[in-house]
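In our numbering, the protein residues as written are -19 to 130.
Here's what the structure looks like:
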């Protein structure tokens, strides 16, 4: 799948985020000081990906979230960013030995990540508040942090 960077740029132009576009190759959206989403187009569409800067998680196609009961939801990249803005997709920061190990998305209704945690790991879940621009006014970021340690 090739990502439409012009669409992404137009979509986010009214939001208080930082955008960095590198032609048709890459597109970064910085949502807050810890979370930057990275879109990369490759010659072979199967190699195009979505990832988080400073994280290992990445996806080459639709993002699928599943829950304990077997239900799941599949989001294309446009729905994915919309769900982040609406607060349905949260950002999970995984720590091990006090260091950031990974950044990945979770869906508030399809969440089973606690089943995969190892002893000594900690999760920090962020619900980002991404507001539209209003002239030159600044926005206040709201982060609701939930920490789990096993």
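We put the CB at the ideal spot given by N, CA and C, even for glycine.
For the 8 Å CB-CB criterion, residue 21 and residue 42 do not form a contact. A Cβ-Cβ distance of about 11 Å is found for the pair residue 19 and residue 32, leaving them out of contact under the 8 Å criterion. Every beta strand (DSSP E) stretch that sits fully inside the stretch 75 to 121 and reaches 3 residues is listed by chain position as 79 to 87 and 101 to 108. If you look at residue -12, you'll find it in the alpha helix (DSSP H) that goes -15 to -8.
Ranked by Cα distance from residue 63, the options 14, 72 and 88 are led by 88. For residue 2, no alpha helix (DSSP H) encloses it; the enclosing beta strand (DSSP E) starts and ends at -2 to 2. Between residue 105 and residue 34, the C-beta gap is not smaller than 8 Å, which leaves the two residues out of contact. Bridge pairing for residue 19: 7 and 30 [DSSP]. When DSSP reads this structure, residue -5 sits in a beta bridge with 112. Under the DSSP assignment, residue 52 falls in the beta strand (DSSP E) whose first and last residues are 52 to 55. Closest by C-alpha distance to residue 50, out of -6, -3, 4 and 92, is 92. Its Cα nearest to that of residue 66, the residue 108 stands out among 108, 78, 80 and 45. Shortest Cα-Cα distance from residue 38 to any of 96, -13 and 86 involves 86. Check the Cα spacing between residue -12 and each of 59, 40 and 54: the tightest is with 59.
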